[in-house]
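**Student:** Chain order of the listed sequences is A and B. Everything in the first sequence is counted per my numbering, starting at 193 for the first residue and increasing by one. Everything in the second sequence is counted per my numbering, starting at 72 for the first residue and increasing by one. Structure provided below as structure tokens; questions to follow.
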Amino acid sequence: MTKKQIWDYSPAPESTDHIQLKDQYDLFINGEFIPAVDGKYFDTINPSNEKKIAEVAEAGKADIEKAVASAKKAYEKTWSKMHPKERGKYIYRIARLLQERAREFSVIETMDGGKPIRESRDVDVPLAAAHFFYHAGWADKLEYAFPGRATEPLGVVGQIIPWNFPLLMAAWKLAPALATGNTVVLKPAETTPLTAMKLAEIIQEADLPPGVVNIVNGAGETGKFLVNHGDINKIAFTGSTDVGKYIMKSVAGSGKKYTLELGGKAANIIFEDAPIDQAVEGIINAIFFNQGHVCCAGSRLYVQEGVADEVIAKLQKRMESLIVGDPLDKNTDIGAINSKMQLDKIKMYVKLGKDEGGKIHQTACSLPKKGYWFAPTIFTDVSQSNRIVQEEIFGPVLAIQTFRTVDEVITKANNSPYGLSGGVWTDKGSKIFKVTQDIRAGVIWANTFNKFDPSSPFGGYKESGVGSEGGIEGLSGYVNLV
Amino acid sequence: MSQRIDIQKTYKLFIGGKFPRTESGRYIKWTDKKGTTVVNICRGSRKDFRNAMVSARSASNGWSSRTAYNRAQILYRVGEMLEGRREQFMAELTLQGLTNKQAENEINQSIDRLIYYAGWADKFQQVFSRVNPVSLPYFNFTLPEATGVVAAIAPDDTSLLGLVSIIAPVIAGGNSIVILASESRPLSSISFAEVLHTSDVPGGVINILTGYRSELIEHFSSHMDVNAIIYCGNNPDDQKLVETNAALNVKHVIQFPLQDWSNDKHQSPYHILKCQETKTTWHPIGV
């Protein structure tokens, strides 16, 4: 049942000549690159071909001690005493340097994480630079952000970020923390450490005072040392709801603050009066953007009955034209799954979906032999109680259900422990505002999906998190109001 | 010569706009300082709390979808009704240990606090909403939205003002609430329920329980349908318990230390925001 593509695309690989990668990366502590105390390194690989790219120092307890001590010293001696205007200028510098080296960062992001170059080039890197640029300007204007109150920084912030948008998440975390006067120890995800280490080079180049930003790599153990360190004043975390809950329990009674951006299972709702072709494009973007490794992915599709057959047929047709393959190829729509662990999880859920009675449809694309790959997948004939409808898969797997009335679909959409995002597709303005108001989620896209901006707050309701990132709301997570 | 026998008041729970006794059939004897006046207070149970949660959840949508103007008027009405029942509260507050002057202050400030938050009910959203200048052709706006159902452990050292200072910002923001009244001074808290009952506050929006903090705090903080938990007090074990249990379903945790609630710095629109979520909507601009 292979379908031939109408057009064949010639390969259009992005050049990797201009990137500078070392074989080995150390920890970035107190403005310097230093090896871990116990000398450990781990490999980071390219998930599209399983080849080792570099090895990265793994931070243990002693390294976290050093990083936190350096952040604390920088907070007390330099950063909290600096005029906010000057703080802002440092952040502007980072934004500028990142813009200048955008191409290099895009290529490395794609090599280390598996996402299509088109996305790292057009979304991740420019948005990361935009985040630094936007927040830089807040540094000396905070009194206008919180009417009637003055702000003070929290101190040393521990930040733990995921592997789906490595550089962008680093920017989301660092920019507001620095603008508000905090110092940081940042831990990138263990499968995607490289762009953060490249960012450390930029931070060094920008002459940021030593210790203001420290970057330590490692897996869950390293994260635990950071979360439980006594001199940390706040933890900012993006990742799974399970780890978020662990963090809440760990910091209970310690007086540490936290903001959490956790999992999601967004409802994407298509009404009969929606512009169908546009909606189909939107559904594709909602679930297949970044291989579905998106906490706000539109992974639950609700189609109104009258257009269900049409939408599903068009969706299947459109899926066939998605190009799955070499992430560095500029034509590629869907890149590699980030890790073997994540691939196994996706496979587990797809098997579960079939076992639960769902009807599966996968595209007939051929997948590369080496690396971690998964074909775009949709399930129909599923119900609310199915685990693939309830649980976050974090992969290119869409579960489709139908509905008749507005009340019904809102009830179904809200029947989830998550509440991060949602989508609504209709040409009727009043219906948009009714549905966006009633969906219990932090970010709602009307007739679009997966749009982001530094000025636009992003955060979840219910088990999708605590606090927001971006905009004025994002600043509030990094200050005490006095 | 026969002496008239006083009619003693029965203090009951306030759940879903009704005054039930605790389902557990248990009670606590409450005596004044001299140990003379004795009333029975319901010793609320886990089941009472769960019943109150059901009421609060079912009232939540209706309350949050009322107009801000309407919520403001109802809060104002609560203030009016309290003003009209000063004598009763004077008697109870002095019975619970306040001097006449202190009692009068507490009543005045409780009324003023209600009026303060009545004024905010139709303004905080305006003050804390934004249109965000995104770099894409979208109309993008952010506004605060009620988190849903709030469970609260009221301050123990005040019978009325602490309770009012916790409830008012929560409901001004469109949430419903289940609150455990002061354990040592519960009388005016339950009498305040009678004020609420006659003030157009829809049943279930505010639920007031009495009982032992040590028994109920576990249930308040671990219930899976609670969106935010407020704890008032300085007990580190309680604080840790509340924060730990909040992780079960990622509740918001709001804590207030023991403090003099009569100070005006303890009223703020930022208290309303503590029980609000942030919703951002993207809407395309085009033809």
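Idealized CB from N, CA, C, for every residue including glycine. Bear in mind the structure is a predicted one, so any value in this text is a computation, not a measurement.
Measure the C-alpha to C-alpha separation of A:V377 and B:S285 and round it to an integer number of angstroms.
**Tutor:** Sequence index remark: in the first sequence, residue 377 of chain A carries index 185 (1-based). Sequence index remark: in the second sequence, residue 285 of chain B carries index 214 (1-based). Roughly 38 Å between the two C-alpha positions.
**Student:** At what residue ranges does the stretch 615-669 of chain A contain a whole run of the alpha helix (DSSP H), taking only runs of 4 or more?
**Tutor:** List check, alpha helix (DSSP H) in window: 621-630, 663-668.
**Student:** If the criterion is Cβ atoms closer than 8 Å, does the pair B:I145 and B:N122 meet it?
**Tutor:** Taking the second sequence and counting its residues from 1, one reaches residue 145 of chain B at position 74. Taking the second sequence and counting its residues from 1, one reaches residue 122 of chain B at position 51. Cβ atoms of B:I145 and B:N122: not closer than 8 Å.
**Student:** Assuming A:Y233 and A:Q212 are in contact, meaning their beta carbons sit under 8 Å apart, how far apart are those beta carbons, in whole angstroms?
**Tutor:** The count along the first sequence starts at 1 and reaches residue 233 of chain A at position 41. The count along the first sequence starts at 1 and reaches residue 212 of chain A at position 20. Not really, about 19 Å apart at Cβ, beyond 8 Å.
**Student:** List the residues of chain B that A:E335 touches, going by C-beta distances under 8 Å, in chain order.
**Tutor:** For this step, residue 335 of chain A is matched to residue 143 along the first sequence. Chain B residues near A:E335: none, gap ~15 Å exceeds 8 Å.
**Student:** Is B:L329 close to chain A? Criterion is C-beta to C-beta, closer than 8 Å.
**Tutor:** Position 258 of the second sequence, counting from 1, holds the residue named residue 329 of chain B. No, B:L329 does not count as interfacial toward chain A.
**Student:** Can you tell me whether DSSP reads A:A489 as helix, strand or coil?
**Tutor:** Within the first sequence, residue 489 of chain A is the residue found at index 297, counting from 1. Coil, per DSSP.
**Student:** How many whole angstroms separate the CB atoms of B:F360 and B:S259, which I take to be in contact at a CB cut-off of 8 Å?
**Tutor:** Any question about residue 360 of chain B goes unanswered here, given that chain B covers just 72 to 358.
**Student:** B:L84 to B:V221, Cα distance in whole Å?
**Tutor:** For this step, residue 84 of chain B is matched to residue 13 along the second sequence. For this step, residue 221 of chain B is matched to residue 150 along the second sequence. In a straight line, the C-alpha of B:L84 is about 17 Å away from that of B:V221.
**Student:** Quick check on this structure: which residue in A:I552, A:P467, A:E584, A:G347 has the alpha carbon closest to the alpha carbon of A:I573?
**Tutor:** Residue 573 of chain A sits at position 381 when you count from the first residue of the first sequence. Looking at the sequence itself, residue 573 of chain A is Asp, so the reference to Ile does not match. Comparing Cα-Cα distances from A:D573 to each of A:I552, A:P467, A:E584, A:G347, the minimum goes to A:I552.
**Student:** Can you find the residues in the same chain that come closer than 8 Å, C-beta to C-beta, to B:V266, ignoring five residues on each side of it along the sequence?
**Tutor:** Counting from 1 along the second sequence, the entry for residue 266 of chain B is found at position 195. The residues are V149, M152, L153, R156.
**Student:** What are the residues that DSSP puts in a beta bridge with A:F234?
**Tutor:** Taking the first sequence and counting its residues from 1, the one referred to as residue 234 of chain A is at position 42. Paired residue(s): A:V248.
**Student:** Please say whether A:K426 and A:K441 have beta carbons closer to each other than 8 Å?
**Tutor:** Within the first sequence, numbered from 1, the residue matching residue 441 of chain A stands at position 249. Within the first sequence, numbered from 1, the residue matching residue 426 of chain A stands at position 234. Contact: no.
**Student:** Using only CA atoms, which one of A:L290, A:N409, A:L418 lies nearest to A:G350?
**Tutor:** Numbered from its first residue, the first sequence carries residue 350 of chain A at position 158. The shortest Cα separation from A:G350 among A:L290, A:N409, A:L418 belongs to A:L418.
**Student:** Would you call the stretch 95-111 of chain B and the stretch 129-138 of chain B touching, i.e. three or more CB-CB distances under 8 Å?
**Tutor:** In short, these stretches do not touch, since the Cβ pair count stays below three.
**Student:** Assign A:M193 to one of two classes, buried (16 or more other C-beta atoms within 10 Å of its C-beta) or exposed (fewer than that).
**Tutor:** Position 1 of the first sequence holds residue 193 of chain A. Low per-residue confidence applies at A:M193: pLDDT is 40, beneath 50, and the placement is therefore not dependable enough to give any value.
**Student:** Leaving aside the five residues before and after A:A228 along the sequence, list all residues of the same chain whose C-beta is less than 7 Å from its C-beta, in chain order.
**Tutor:** Locating residue 228 of chain A in the first sequence gives position 36, where the first residue counts as 1. Answer for A:A228: L219, A249, E250, A251, G252, D255, listed in chain order.
**Student:** Which residue spans inside the stretch 344-372 of chain A form an unbroken beta strand (DSSP E) run of at least 3?
**Tutor:** Entirely contained in the stretch 344-372 of chain A, the beta strand (DSSP E) runs reaching 3 residues are, in chain order, 348-352.
**Student:** With 16 other CB atoms within 10 Å as the buried threshold, where does A:T451 fall?
**Tutor:** By 1-based counting over the first sequence, the position of residue 451 of chain A is 259. Buried.
**Student:** Give the straight-line distance between the Cα atoms of A:D209 and A:D469, rounded to the nearest whole angstrom.
**Tutor:** Position 17 of the first sequence holds residue 209 of chain A. Position 277 of the first sequence holds residue 469 of chain A. Cα to Cα, the separation comes out at about 39 Å.
**Student:** What in chain B is Cβ-close to A:D316, meaning under 9 Å?
**Tutor:** Sequence index remark: in the first sequence, residue 316 of chain A carries index 124 (1-based). Here the premise fails: no neighbours, minimum Cβ distance about 15 Å.
**Student:** Do the stretch 343-362 of chain A and the stretch 373-393 of chain A meet, that is, are 3 or more Cβ pairs less than 8 Å apart?
**Tutor:** Yes: the two stretches touch, three or more of their Cβ pairs being nearer than 8 Å.
**Student:** Among B:F263, B:G244, B:G245, which one has its Cα closest to the Cα of B:L251?
**Tutor:** Start at 1 with the first residue of the second sequence, and residue 251 of chain B comes out as number 180. For the residues B:F263, B:G244, B:G245, the minimum Cα distance to B:L251 belongs to B:F263.
**Student:** Just to confirm my understanding: we take B:A174, look at its own chain, exclude 5 residues before and 5 after, and list those with CB closer than 6 Å. What are they?
**Tutor:** Here residue 174 of chain B refers to the residue found at position 103 of the second sequence. Closer than 6 Å at Cβ, skipping near neighbours: M161, L164, T165.
**Student:** Counting only Cβ pairs nearer than 7 Å, list the residues of chain B close to A:T628.
**Tutor:** Reading the first sequence from its first residue, position 436 is the one you call residue 628 of chain A. Under the 7 Å cutoff, chain B gives T352.
**Student:** Applying the criterion that 16 or more other CB atoms from any shown protein chain within 10 Å of the CB defines a buried residue, is A:A204 buried or exposed?
**Tutor:** Indexing the first sequence from 1 puts residue 204 of chain A at position 12. A:A204 is exposed by the Cβ-count criterion.
**Student:** Skipping 5 residues on each side, what residues in its chain have a beta carbon closer than 7 Å to that of A:A478?
**Tutor:** Sequence index remark: in the first sequence, residue 478 of chain A carries index 286 (1-based). Closer than 7 Å at Cβ, skipping near neighbours: N460, A489, G490, G615, F641, N642.
**Student:** What's the gap between the Cα of A:D235 and the Cα of A:K416?
**Tutor:** Within the first sequence, residue 235 of chain A is the residue found at index 43, counting from 1. Within the first sequence, residue 416 of chain A is the residue found at index 224, counting from 1. The straight-line gap from Cα to Cα measures roughly 21 Å.
**Student:** Buried or exposed: where does A:G611 fall if 16 or more other Cβ atoms within 10 Å of its Cβ makes it buried?
**Tutor:** For the purposes of this step, residue 611 of chain A is taken as residue 419 along the first sequence, with counting starting at 1. By the 10 Å Cβ count, A:G611 comes out buried.
**Student:** Is it right to say B:A143 is buried, meaning 16 or more other beta carbons lie within 10 angstroms of its own, or is it exposed?
**Tutor:** As a working mapping, residue 143 of chain B is identified with position 72 in the second sequence. Classification for B:A143: buried.
**Student:** With A:K379 as the anchor, note down where its beta strand (DSSP E) starts and where it stops.
**Tutor:** Taking the first sequence and counting its residues from 1, one reaches residue 379 of chain A at position 187. It spans 375-379 - the beta strand (DSSP E) in which A:K379 sits, taken as one unbroken run.
**Student:** Taking only beta-carbon positions, decide if B:L258 is within less than 8 Å of chain A.
**Tutor:** Indexing the second sequence from 1 puts residue 258 of chain B at position 187. Chain A contact via Cβ: absent.
**Student:** Would a C-beta distance cut-off of 8 Å place A:F571 and A:I592 closer than the cut-off?
**Tutor:** To locate residue 571 of chain A, count along the first sequence from 1; it is residue 379. To locate residue 592 of chain A, count along the first sequence from 1; it is residue 400. Cβ atoms of A:F571 and A:I592: closer than 8 Å.
**Student:** In chain order, what residues of the same chain lie with their CB nearer than 7 Å to the CB of A:I237, ignoring the 5 residues before and after it?
**Tutor:** One-based indexing of the first sequence puts residue 237 of chain A at position 45. Cβ within range, chain order: K243, K244, I245.
**Student:** Which residues in chain A sit within 7 Å of B:Q310, going by Cβ to Cβ distance?
**Tutor:** Counting from one through the second sequence, the residue named residue 310 of chain B turns up at place 239. Correct list: G445.
**Student:** So which residues on chain B does A:F650 lean against when the C-beta distance must stay under 8 Å?
**Tutor:** Against the first sequence, residue 650 of chain A aligns to sequence position 458. Those are T351, listed as they occur along chain B.
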